[in-house]
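Colleague:
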Amino acid sequence: MLNLSVVLEDGARSVPEKECLVFGDLRLNYALTNAISNQVANLLVSRGIRPGDRVALACPNLPYFPFVYYGALKAGAVVVPLNVLLTPREIAYHLEDSGAKALFAFTGSPELPLGERAHEAFQQVDACETYVDLPASPGATESTIEGAETLWKAIEGQPTEFETVRTEADDTAVIIYTSGTTGRPKGAELSHNNLMMNAIGSAGMVQAHPDGRDVALVVLPLFHIFGQTVMLNAALYRQATLVLMPRFDGNEALSLMEKEGVTGFAGVPTMYWGLLNAVKDAEPGTYDLDRIAGNVVDAVSGGAALPGQLAEDFTKTFGVGIKEGYGLSETSPVVSFNNPRTGAKTGSIGRPVWGVEMKLIDADWNVQDEVGEIAVRGHCVMKGYHERPEVNAEIIKDGWFRTGDIARRDEDGFYFIVDRSKDMIIRGGFNVYPREIEEVLMTHEAVSMAAVIGIPHETHGEEIKAFVILQSGAEISAEELIAWSKERLAGYKYPREIEFRDELPMTSTGKILKRQLRD
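So for the sequence shown, the numbering used here puts the first residue at 4; every next one is plus one.
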């Protein structure tokens, strides 16, 4: 038997009184966090959820996320984390594609009306029978979402003890949605073994504070595999204290780092940029930088390439180097890492982590010596995309998964990303896939053709730009089309720039030459 929820259960047994979750004035120890998760597990079983059933979870970095995440795993269910920026149309697609039978969603706020969007989607999917509101007011028993019940009302009277359902190492624990290479989002099935091994490996890469403290600032979205593995599962495995931050803000992050004595931080490059700018713009004496720098002993970056100058500036300011790694949703996610104990190189994504192999291949899977597409094999590789056998056959061969990323390898075995074999855009650490945006744009009656690319951006790494050919006689402004797409795509997906063209560069077979558009 192997069940990922043991990372929480073990902490509840060995350090029950230690602080597990910190959110504002709310401070929960390991015992209470585990007890509430047990109540969620009992709730799910009472509502007919059986081992292997899917439970969707739409929630930012709040205590609710681990409550439901581990509660569902304890019940033997499969967790389907959802990006909190998805539209009702997108949420409904994820529910239908995964076959989710239950949906837990945070109420949200006027700025992020997540509950309204999630409940609208829930009502469109007949197979999803249970909806639970995660209310903005702690302990609230009445929901502001019409027809919904709150978590606190739902678990009222549920036992705080639960015997974890027997699951095997290769059973699916989580389905993470990603577009993979092209097309509509696909669910990467990650097993209990995938996630446990990656969490243990990630935990082993963390440098301990000299006084033994382990306090992690969790700013990476927990619905994203980077945050889930590196900042949730790995941190709980280490029996650390997690300081939750629902939305990154440089000033707020610095305040929490100082107040809580944060020792570890993981983020995408734009977050490090935000921390440095917050320090730069602050009035003298606003933050005790000596205290912050004296506590932080570990900083990890991933999700996008880390600019060398940014890494250098961060080290000068905080006195700690940033460790850069590489991974994908399909690989649980960590594949390679720059670990100072085993060697590191600036600009590199490091070398494969323990138990993982990497090689460079061409389009026909032939091994390349210098430059090629990264292929990965090991405990981190997903079982496959949910109900996508044809795609799985194309990207997984003899246990090797082709990533779509082009890299070179130096004589010391360090890998360096040089390009993307596909057209994926990485905006602020989130993967954005042009085809999905193009398909939405082309549903507009005025649009004849659309091509989407990523263009350089100072803070987000890449920004989304669309080249559009209008229907004959049609008229619409770029601003109007951007506003229209914003209503139909998640906040990180819709194009910020639109350029109208009479024609687009194409090959003789009709394929749009996006490289020419970038040039």
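Built from N, CA and C at the ideal position, the CB exists for glycine as well.
If I follow the unbroken alpha helix (DSSP H) through Met361, where does it start and stop?
Modeller: The sequence position of residue 361 within the sequence shown is 358, counting from 1. From DSSP, Met361 is part of no alpha helix (DSSP H) but of the beta strand (DSSP E) over 359-364.
Colleague: Among Ala243, Arg354, Gly431, whose alpha-carbon lies nearest the alpha-carbon of Ala410?
Modeller: Against the sequence shown, residue 410 aligns to sequence position 407. Checking every option, the nearest Cα to that of Ala410 belongs to Arg354.
Colleague: What residues match up with Arg380 in a beta bridge as DSSP calls it?
Modeller: On the sequence shown, position 377 is the one that residue 380 refers to. For Arg380, which the question treats as bridged, DSSP gives the partners Glu360.
Colleague: Would you mind listing the beta strand (DSSP E) stretches within the segment 408-460 that are 3+ residues and don't spill past its ends, in chain order?
Modeller: Runs of the beta strand (DSSP E) inside the segment 408-460: 418-423, 428-430, 433-435, 450-460.
Colleague: Using the Cα positions of Asn45 and Leu279, report the straight-line distance between them to the nearest angstrom.
Modeller: Here residue 45 corresponds to residue number 42 of the sequence shown, with the count starting at 1. Here residue 279 corresponds to residue number 276 of the sequence shown, with the count starting at 1. C-alpha separation (whole angstroms): 45 Å.
Colleague: Which first and last residues belong to the beta strand (DSSP E) in which Arg2 is found?
Modeller: Nothing can be reported for residue 2, as the shown portion of the chain is limited to 4 through 522.
Colleague: Under the rule that 16 or more other beta-carbon atoms within 10 Å means buried, what is Asp408, buried or exposed?
Modeller: The sequence position of residue 408 within the sequence shown is 405, counting from 1. The residue is buried, with at least 16 neighbouring Cβ atoms inside 10 Å.
Colleague: Tell me the residue span of the alpha helix (DSSP H) that contains Gly207.
Modeller: Stepping through the sequence shown from its first residue, residue 207 is reached at position 204. Segment 195-207, the alpha helix (DSSP H) holding Gly207.
Colleague: Could you check how far apart the C-beta atoms of Pro54 and Gly79 are, in whole angstroms? I think they sit under 8 Å.
Modeller: The residue given as residue 54 occupies position 51 in the sequence shown. The residue given as residue 79 occupies position 76 in the sequence shown. Contact flag correct, Cβ pair sits at about 3 Å.
Colleague: Could you please give the first and the last residue of the uninterrupted alpha helix (DSSP H) stretch that includes Tyr180?
Modeller: Numbered from 1 along the sequence shown, position 177 holds the residue referred to as residue 180. Per DSSP, Tyr180 belongs to no alpha helix (DSSP H); it is in the beta strand (DSSP E), 175-181.
Colleague: For the putative contact between Leu507 and Ile479, defined by C-beta atoms under 8 Å, what is the C-beta separation to the nearest angstrom?
Modeller: Indexing the sequence shown from 1 puts residue 507 at position 504. Indexing the sequence shown from 1 puts residue 479 at position 476. Contact doesn't hold; Cβ gap of about 18 Å is too wide.
Colleague: Note down, in chain order, each residue of its chain lying with its Cβ closer than 6 Å to the Cβ of Leu247, except the 5 sequence neighbours on either side.
Modeller: Position 244 of the sequence shown holds residue 247. Only Phe26, Asn64, Val221 meet the Cβ criterion.
Colleague: What residues match up with Arg30 in a beta bridge as DSSP calls it?
Modeller: Working through the sequence shown from its first residue, we reach residue 30 at position 27. Per DSSP, Val25.
Colleague: Helix, strand or coil: which one does DSSP assign to Gly160?
Modeller: To locate residue 160, count along the sequence shown from 1; it is residue 157. Gly160: coil per DSSP, three-state reduction.
Colleague: In the DSSP assignment, what residue or residues form a beta bridge with Phe503?
Modeller: Here residue 503 refers to the residue found at position 500 of the sequence shown. Answer is Val471.
Colleague: Starting from the N-terminal side, write out each stretch of the alpha helix (DSSP H) that is 4 residues or longer and does not extend beyond the segment 51-138.
Modeller: Entirely contained in the segment 51-138, the alpha helix (DSSP H) runs reaching 4 residues are, in chain order, 67-77, 91-101, 117-125.
Colleague: Mind checking Ser339: buried by the 16 CB within 10 Å criterion, or exposed?
Modeller: Here residue 339 is taken as the residue at index 336 of the sequence shown, counted from 1. Buried, since its Cβ has 16 or more Cβ neighbours within 10 Å.
Colleague: Would Gly160 and Ile178 be called neighbours here (beta carbons separated by less than 7 Å)?
Modeller: Walking along the sequence shown from the start, residue 160 turns up at place 157. Walking along the sequence shown from the start, residue 178 turns up at place 175. Not in contact: Gly160 and Ile178 (Cβ atoms no closer than 7 Å).
Colleague: How close, in whole Å, do the beta carbons of Cys62 and Phe107 come, if the pair is a contact with beta carbons under 8 Å?
Modeller: On the sequence shown, residue 62 is found 59 positions in, with the first residue counted as 1. On the sequence shown, residue 107 is found 104 positions in, with the first residue counted as 1. Yes, Cys62 and Phe107 are in contact; Cβ-Cβ is about 7 Å, under 8 Å.
Colleague: Could you tell me the alpha carbon to alpha carbon distance between Phe70 and Ile148, rounded to whole angstroms?
Modeller: If you number the sequence shown from 1, residue 70 lands on position 67. If you number the sequence shown from 1, residue 148 lands on position 145. Going by the C-alpha atoms only, they are around 20 Å apart.
Colleague: Please report how far the alpha carbon of Gln559 lies from the alpha carbon of Met427, in whole angstroms.
Modeller: The requested residue 559 is not part of the displayed model; the chain covers only 4 to 522.
Colleague: Please classify Asn201 as buried or exposed, where buried requires at least 16 neighbouring CB atoms within 10 angstroms.
Modeller: On the sequence shown, residue 201 is found 198 positions in, with the first residue counted as 1. Counting Cβ neighbours within 10 Å, Asn201 comes out buried, since at least 16 surround it.
Colleague: DSSP three-state label for Phe340, please.
Modeller: Numbered from 1 along the sequence shown, position 337 holds the residue referred to as residue 340. DSSP places Phe340 in strand when its eight states are reduced to three.
Colleague: Got a sec, what are the start and stop residues for the beta strand (DSSP E) Ala269 sits in?
Modeller: Mapped onto the sequence shown, residue 269 falls at position 266. Start and end: 267-270.
Colleague: Cα separation between Leu85 and Phe226?
Modeller: Reading the sequence shown from its first residue, position 82 is the one you call residue 85. Reading the sequence shown from its first residue, position 223 is the one you call residue 226. C-alpha separation (whole angstroms): 6 Å.
Colleague: Where does Arg518 fall in DSSP's three states?
Modeller: Taking the sequence shown and counting its residues from 1, one reaches residue 518 at position 515. Looking at Arg518 - three-state DSSP - the assignment turns out to be helix.
Colleague: Among the candidates Thr90, Arg92, Phe229, whose CA atom is the shortest distance from the CA of Phe433?
Modeller: Numbered from 1 along the sequence shown, position 430 holds the residue referred to as residue 433. Closest option to Phe433, Cα to Cα, is Phe229.
Colleague: To the nearest angstrom, how far is the alpha carbon of Trp276 from that of Met4?
Modeller: Along the sequence shown, one-based indexing puts residue 276 at 273. Along the sequence shown, one-based indexing puts residue 4 at 1. Between Trp276 and Met4, the C-alpha separation is close to 43 Å.
Colleague: Roughly how many whole angstroms lie between the Cα atoms of Glu171 and Gln519?
Modeller: Numbered from its first residue, the sequence shown carries residue 171 at position 168. Numbered from its first residue, the sequence shown carries residue 519 at position 516. Looking at the two C-alpha atoms, the distance is approximately 49 Å.
Colleague: Kindly give me the distance between the Cβ atoms of Gly204 and Val356, rounded to whole angstroms, as I take these residues to be in contact under 8 Å.
Modeller: Counted from its first residue, the sequence shown places residue 204 at position 201. Counted from its first residue, the sequence shown places residue 356 at position 353. That pair is a contact at about 5 Å.
Colleague: Kindly list the residues whose CB is nearer than 7 Å to the CB of Ala281, restricted to its own chain and excluding five residues on each side of it in sequence; keep chain order.
Modeller: On the sequence shown, position 278 is the one that residue 281 refers to. Excluding sequence neighbours, Ala281 sits near Gly253, Asn254, Leu257.
Colleague: Taking the CB atoms as reference points, tell me whether Pro336 and Ala307 lie closer together than 7 Å.
Modeller: Within the sequence shown, residue 336 is the residue found at index 333, counting from 1. Within the sequence shown, residue 307 is the residue found at index 304, counting from 1. Their beta carbons are not under 7 Å apart, which means Pro336 does not touch Ala307 by this criterion.
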